[in-house]
Amino acid sequence: MAQFDNVNYTFYSSTLGRAVVPDEASFDLYKTENILFVKNLVADGLVFEREENGIDSAVCMMCEVDYKASLIESGKADNAVASESLGAYSYSTGGKVFDSFVDKNAKSVAEQKMKWLRLYCDYVPGVR
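For what it's worth, the working numbering labels the leading residue of the sequence shown as 5, then goes sequentially.
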């Protein structure tokens, strides 16, 4: 099996046991961009597969990161609001569920993607 052959919704949901991305169409929106990004890192000798299907697993998780970020950006992430009051004192917490995960900026999304890449693969940054 060639590299990136397992970057599909079936592998993501069955083998990895993930369900954040709800369907294949949503998964496929982010698949190509993430494959091309990792393919360049592999070609440059910066990423090496540490375990079987490690690169494919990392790319699938990167698609999940993009999906979560798109929910926040579109305002479709679930709201979780909690508040309490005692006399004149009132305290509220809330916001979107994924706000702590992705802070609506490209830097934090990129950091999350690199986290998954490092978990599944050997990443050797630097000039080669």
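Using N, Cα and C, we set each Cβ at its ideal position, and we do this for glycine too.
- With respect to the 8 Å criterion, Glu68 and Arg22 are classified as neighbours on the basis of their beta carbons.
- DSSP places Asp27 in the coil class of the three-state scheme, outside both helix and strand.
- The three-state secondary structure of Phe15, taken from DSSP, is helix.
- Here the alpha carbons of Tyr16 and Ser61 stand approximately 7 Å from one another.
- Within 10 angstroms of the beta-carbon of Met66 lie 16 or more other beta-carbons, which makes it buried.
- Around the beta carbon of Ala47, a 10 Å sphere encloses fewer than 16 other beta carbons of the protein chains shown; the residue is thus reported as exposed.
- Taking 4 residues as the minimum length, the segment 35-71 contains no alpha helix (DSSP H) run wholly inside it.
- Between Glu77 and the set Val63, Asn44, Val113 and Lys119, the nearest pair of CA atoms involves Val113.
- At least 8 Å separates the beta-carbon of Glu37 from that of Tyr13.
- If you compare the alpha carbons of Phe31, Val24 and Pro26 with that of Asn10, the shortest gap goes to Phe31.
- Secondary structure note for Asp126: its beta strand (DSSP E) is the uninterrupted segment Cys125 to Tyr127.
- If you draw a straight line from the Cα of Lys43 to the Cα of Lys80, it comes to about 31 Å.
- Excluding its 5 nearest sequence neighbours in each direction, Asn57 has C-beta neighbours in its own chain below 7 Å: Asn10, listed in chain order.
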